[in-house]
Amino acid sequence: MKKRFNQVYQFKITLKGIRPPIWRRLQVPKTYTFYDLHVAIQDAMGWFDGHLHEFEINNPLTGLKTLIGIPEEEFADYKVLPGWKIKIADYFLRENKSANYIYDFGDNWEHKITLEKILLKENNVTYPLCVKGERACPPEDCGGTYGYEDFLKIIGDPDDEQHERMLEWIGGEFNPKHFDLNEVTFDDPAERFKIAFGKD
Numbered sequence: 428m429k430k431r432f433n434q435v436y437q438f439k440i441t442l443k444g445i446r447p448p449i450w451r452r453l454q455v456p457k458t459y460t461f462y463d464l465h466v467a468i469q470d471a472m473g474w475f476d477g478h479l480h481e482f483e484i485n486n487p488l489t490g491l492k493t494l495i496g497i498p499e500e501e502f503a504d505y506k507v508l509p510g511w512k513i514k515i516a517d518y519f520l521r522e523n524k525s526a527n528y529i530y531d532f533g534d535n536w537e538h539k540i541t542l543e544k545i546l547l548k549e550n551n552v553t554y555p556l557c558v559k560g561e562r563a564c565p566p567e568d569c570g571g572t573y574g575y576e577d578f579l580k581i582i583g584d585p586d587d588e589q590h591e592r593m594l595e596w597i598g599g600e601f602n603p604k605h606f607d608l609n610e611v612t613f614d615d616p617a618e619r620f621k622i623a624f625g626k627d
């Protein structure tokens with residue numbers, strides 16, 4: 428059963444370390460957990476949610492950095508709070524509050540998240556909603572920001588010895604300027620959680 432809400436958080440999500448910037452503007456229910464927000468970011472950016480993730484945000488009460496994501500037993504000394512138990516409204520108390528969101532600890536895709544506005548929910552609008560964005564998401568497992576730079580150079584140079592192989596790897600073509608709002612679709616976070624963890 429979906430929770431009722433009357434306020435919406437508008438976030439700007441910007442992938443760090445890449446120029447021109449790759450970014451999305453999202454509106455999500457204020458009732459969202461950090462896990463719900465994670466799913467919305469994945470879907471809006473174009474990631475496949477095949478790797479671990481983590482939010483880094485200062486606790487509004489203590490000022491200390493808090494890590495929120497998926498706790499791992501092997502890193503017991505590296506405390507990560509479970510994102511599905513933590514409400515975004517408990518940390519994003521006011522506009523302009525920022526956090527970091529890291530996806531794929533190998534490629535280390537770091538995103539800046541900024542709460543731009545707290546809005547009233549609009550009738551007849553389905554949330555989450557991506558309202559704007561620019562440029563394509565990098566391919567998964569391309570090696571992070573430096574690997575992505577190399578990838579773009581290779582696919583842009585037909586004379587590069589890796590050109591054909593790289594195009595085959597990406598599925599034939601890749602346009603870094605491409606972004607279409609109409610192509611953004613959002614999964615139900617509860618269903619994604621069930622698939623990922625095998626429980627409700």
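Going from the sequence shown to the numbering used here is simple: count from 1 and add 427.
C-beta: ideal position from N, C-alpha, C; glycine also.
Cut-off 8 angstroms between Cβ atoms - residues of its own chain near residue i, not counting five sequence neighbours on either side
| i | result |
| --- | --- |
| LEU542 | TYR436, GLN437, PHE438, PHE519, ARG521, GLU522, ASN523, LYS524, SER525 |
| GLY625 | none |
| LEU491 | ASN485 |
Coil, strand or helix - residue i by DSSP
| i | result |
| --- | --- |
| TYR573 | helix |
| ARG521 | coil |
| HIS480 | strand |
| LEU579 | helix |
| ILE495 | strand |
| ASN609 | helix |
| LYS512 | helix |
| GLU500 | helix |
| ASN486 | coil |
| ILE529 | strand |
Range covered by the alpha helix (DSSP H) that runs through residue i
| i | result |
| --- | --- |
| GLN469 | 461-472 |
| ILE597 | 590-597 |
| GLU618 | 616-624 |
Range of the contiguous beta strand (DSSP E) that encloses residue i
| i | result |
| --- | --- |
| PHE438 | 434-442 |
| VAL558 | 556-561 |
| GLU537 | 536-547 |
| ILE449 | 449-456 |
Minimum C-alpha distance to residue i - residue among the options
| i | options | result |
| --- | --- | --- |
| PHE606 | MET472, ARG446, ASN433, GLN454 | MET472 |
| ILE529 | GLY574, TRP474, LEU488 | TRP474 |
| TRP450 | GLY599, LEU546, LYS604 | LYS604 |
| ALA623 | TRP511, THR493, ILE440, GLY444 | TRP511 |
| TRP536 | TYR505, GLU481, LEU594, GLU610 | GLU481 |
| ILE445 | ILE597, THR460, GLU500, THR572 | THR572 |
Sequence-distant residues of the same chain with beta carbon closer than 6 angstroms to residue i, five excluded per side
| i | result |
| --- | --- |
| ASP615 | none |
| ASP375 | As shown, the chain starts at 428 and ends at 627. That puts residue 375 outside it, with no answer to give. |
| PHE532 | LEU479 |
| LYS430 | THR458 |
| LEU508 | ILE495 |
| PHE578 | CYS569 |
| ARG619 | VAL466 |
| PRO565 | TYR575 |
| PRO498 | VAL507, PRO509 |
| GLU469 | The sequence given here has Gln at residue 469, not Glu. Excluding residues within five positions, the ones whose Cβ falls inside 6 angstroms are ASP476. |
| THR489 | none |
| LEU442 | ILE449, HIS538 |
| ILE398 | The structure shown has nothing for residue 398, since the chain only spans 428 to 627. |
7 angstroms CB neighbourhood of residue i in its chain, flanking five on each side removed
| i | result |
| --- | --- |
| MET584 | The sequence given here has Asp at residue 584, not Met. Counting only Cβ-Cβ distances below 7 angstroms, and skipping sequence neighbours, we find HIS590. |
| LYS548 | PHE432, ASN433, GLN434, VAL435 |
| PRO555 | LEU453, GLN454, VAL455, ALA467, PHE613 |
| ASP587 | ILE581 |
| GLY599 | none |
Would you call the region 506-516 and the region 551-560 in contact, with 3 or more CB pairs under 8 angstroms?
-> No contact exists between the region 506-516 and the region 551-560.
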